[in-house]
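Peer 1:
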């Protein structure tokens with residue numbers, strides 16, 4: 008698999024140097040009902056390909072902040088520390104973007120590991136349902152640094168945060 012994920016390049020439109028168009032790869036779920044998925048499948052009639060987000064293949068490629076990384080490098084706090092200014096606490100627990108995401112979700116829903124139903128239907132520590140929080144609100148409520156939030160978004164491949 009030689010596919011890149013995330014923002015691949017930014018191009019400036021002719022006659023509009025102040026406007027940049029970001030070009031890249033986007034991850035969406037096959038049964039996704041979003042506008043993006045509809046456009047991809049039905050309007051543009053583009054063919055999707057598998058996007059192994061939970062692959063154990065250490066060679067899986069990513070492009071983050073203009074730098075090509077493998078999944079193995081993405082899990083290395085020293086490599087990531089050169090691209091994202093994570094807090095000392097975030098660096099201490101970092102084993103990959105998923106570790107940051109899980110840490111902050113656990114802060115909001117302490118019983119997250121013991122949930123037997125859809126975890127997004129669980130209530131946060133302040134009584135709201137996790138599913139009702141937008142990504143930005145979830146990050147702010149959990150005390151996530153701006154850089155950790157960007158790392159999680161950049162490495163996810165999803166366009167709907």
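Numbering (the numbering used here), first residue to last: 8 to 168.
The beta-carbon is built from N, C-alpha and C at its ideal position, and this holds for glycine as well.
(1) May I ask which residues mark the beginning and end of the beta strand (DSSP E) holding residue 70?
(2) Ignore the nearest five residues each way along the sequence and tell me which others in residue 80's own chain have a CB closer than 7 angstroms to its CB.
(3) Could you pull out every residue in the same chain whose Cβ sits closer than 7 angstroms to the Cβ of residue 91, ignoring the five residues on either side in sequence?
(4) In whole angstroms, what is the alpha-carbon distance linking residue 95 and residue 75?
(5) If I measure Cβ to Cβ from residue 49 and keep anything under 8 angstroms in the same chain, skipping five residues before and after, which residues do I get?
(6) How is residue 23 classed by DSSP in three states: helix, strand or coil?
(7) With residue 102 as the anchor, note down where its beta strand (DSSP E) starts and where it stops.
(8) Among the residues of its own chain, which have a CB less than 7 angstroms from the CB of residue 98, if the five just before and after it don't count?
(9) Over what stretch of residues does the alpha helix (DSSP H) that includes residue 143 continue unbroken?
(10) Name the two residues that bound the continuous beta strand (DSSP E) containing residue 85.
(11) Using the three-state DSSP reduction, which class does residue 28 fall into: helix, strand or coil?
(12) State buried or exposed for residue 104, treating a residue as buried only when at least 16 other CB atoms are found within 10 Å of its CB.
(13) Is it buried or exposed, residue 69, if we count other Cβ atoms within 10 angstroms and call 16 or more buried?
(14) Between which two residues does the beta strand (DSSP E) containing residue 53 stretch?
(15) Using the DSSP secondary-structure output, state which residues sit across from residue 76 in a beta bridge.
(16) Applying the criterion that 16 or more other CB atoms from any shown protein chain within 10 Å of the CB defines a buried residue, is residue 149 buried or exposed?
Peer 2: Taking the definition as stated:
(1) 68 to 71
(2) 86
(3) 154, 157, 158
(4) 24 angstroms
(5) none
(6) Three-state result, residue 23: strand.
(7) Secondary structure note for residue 102: it is in no beta strand (DSSP E), with a DSSP letter that is neither H nor E.
(8) 84, 88
(9) 142 to 149
(10) Segment 84 to 88 is the alpha helix (DSSP H) holding residue 85; no beta strand (DSSP E) there.
(11) DSSP places residue 28 within a strand segment (E or B) once states are collapsed to three.
(12) buried
(13) buried
(14) That residue, residue 53, is in no beta strand (DSSP E); it is neither H nor E in DSSP.
(15) Paired residues: 69.
(16) Around the beta carbon of residue 149, a 10 Å sphere encloses 16 or more other beta carbons of the protein chains shown; the residue is thus reported as buried.
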